[in-house]
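Novice:
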Amino acid sequence: MVKLDQLSLARQLDIVFKELEEELGGLSSGTVFVQIRNNVIGKFGIRHNPLAGRNGVIAPCEEGLSEAQQFSFRTMALESLKHKRHWTHGEISYEFMVRQGIVVVDAILESNYNMANLMIRYPRNTYAEAASES
Numbered sequence: 059m060v061k062l063d064q065l066s067l068a069r070q071l072d073i074v075f076k077e078l079e080e081e082l083g084g085l086s087s088g089t090v091f092v093q094i095r096n097n098v099i100g101k102f103g104i105r106h107n108p109l110a111g112r113n114g115v116i117a118p119c120e121e122g123l124s125e126a127q128q129f130s131f132r133t134m135a136l137e138s139l140k141h142k143r144h145w146t147h148g149e150i151s152y153e154f155m156v157r158q159g160i161v162v163v164d165a166i167l168e169s170n171y172n173m174a175n176l177m178i179r180y181p182r183n184t185y186a187e188a189a190s191e192s
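According to the numbering used here, the stretch in the sequence shown is residues 59 to 192, in order.
#1: So LEU123 packs on SER86, CB below 8 Å; how close in whole Å?
#2: Would you give the residue range spanned by the alpha helix (DSSP H) that LEU123 belongs to?
#3: Below 8 Å on the Cβ atoms is my contact criterion, and I expect ILE94 with GLU149 to pass it. Report the Cβ-Cβ distance as a whole number of Å.
#4: Beta strand (DSSP E) containing LEU78: first to last residue?
#5: Roughly how far, in whole angstroms, is the beta-carbon of SER138 from the beta-carbon of VAL161, given that I think they are within contact range, below 8 Å?
#6: What residue range is occupied by the uninterrupted beta strand (DSSP E) comprising ARG95?
#7: For the stretch 154-180, which segments carrying the alpha helix (DSSP H) assignment without a break, of at least 4 residues, lie completely within its bounds, in sequence order?
Here it is as structure tokens:
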């Protein structure tokens, strides 16, 4: 059995998009998010507004992403991983919408750090020396 930490982040993201296929097929806009810890995707999903109201009437959502649009979306998401640098914990959000039949995607990469972990790598006396030099 293959463990998640043995799969590249790109392969994990590919699995996420495979899992979300059906849901994306019913959405024309929203945000796909993946939470990353130690370069392993944990929680993932889609944030979206399922109903749109105008003039006092709730209208059903438009058609969702076609198979070709989902392929394009997935390709752009995988391409965005090339911009992830030197961090192992965080979240990537992909805001998407269909405009004139084309899927438009904005990727937001968020790195997270924990000061408690840094205190192990940088002992207290290191900070005291740096402060006295300034």
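Glycine is no exception: its CB is placed at the ideal position from the N, C-alpha and C atoms.
Being a predicted model, the structure only gives us computed values, none of them experimental.
Specialist: According to the structure data:
#1: Taking the sequence shown and counting its residues from 1, the one referred to as residue 123 is at position 65. Taking the sequence shown and counting its residues from 1, the one referred to as residue 86 is at position 28. Right, the Cβ-Cβ distance comes to about 7 Å (below 8 Å), so this counts as a contact.
#2: Position 65 of the sequence shown, counting from 1, holds the residue named residue 123. Note, LEU123: premise wrong, no alpha helix (DSSP H); not H, not E.
#3: Taking the sequence shown and counting its residues from 1, the one referred to as residue 94 is at position 36. Taking the sequence shown and counting its residues from 1, the one referred to as residue 149 is at position 91. About 7 Å; that satisfies the 8 Å criterion.
#4: The residue you call residue 78 lines up with position 20 of the sequence shown. No beta strand (DSSP E) contains LEU78, which is instead part of the alpha helix (DSSP H) from 67-82.
#5: Taking the first residue of the sequence shown as 1, we reach residue 138 at position 80. Taking the first residue of the sequence shown as 1, we reach residue 161 at position 103. In fact, because the Cβ distance is near 14 Å, the residues do not count as touching under 8 Å.
#6: Working through the sequence shown from its first residue, we reach residue 95 at position 37. Per DSSP, ARG95 belongs to the beta strand (DSSP E) from 87-95.
#7: 173-179
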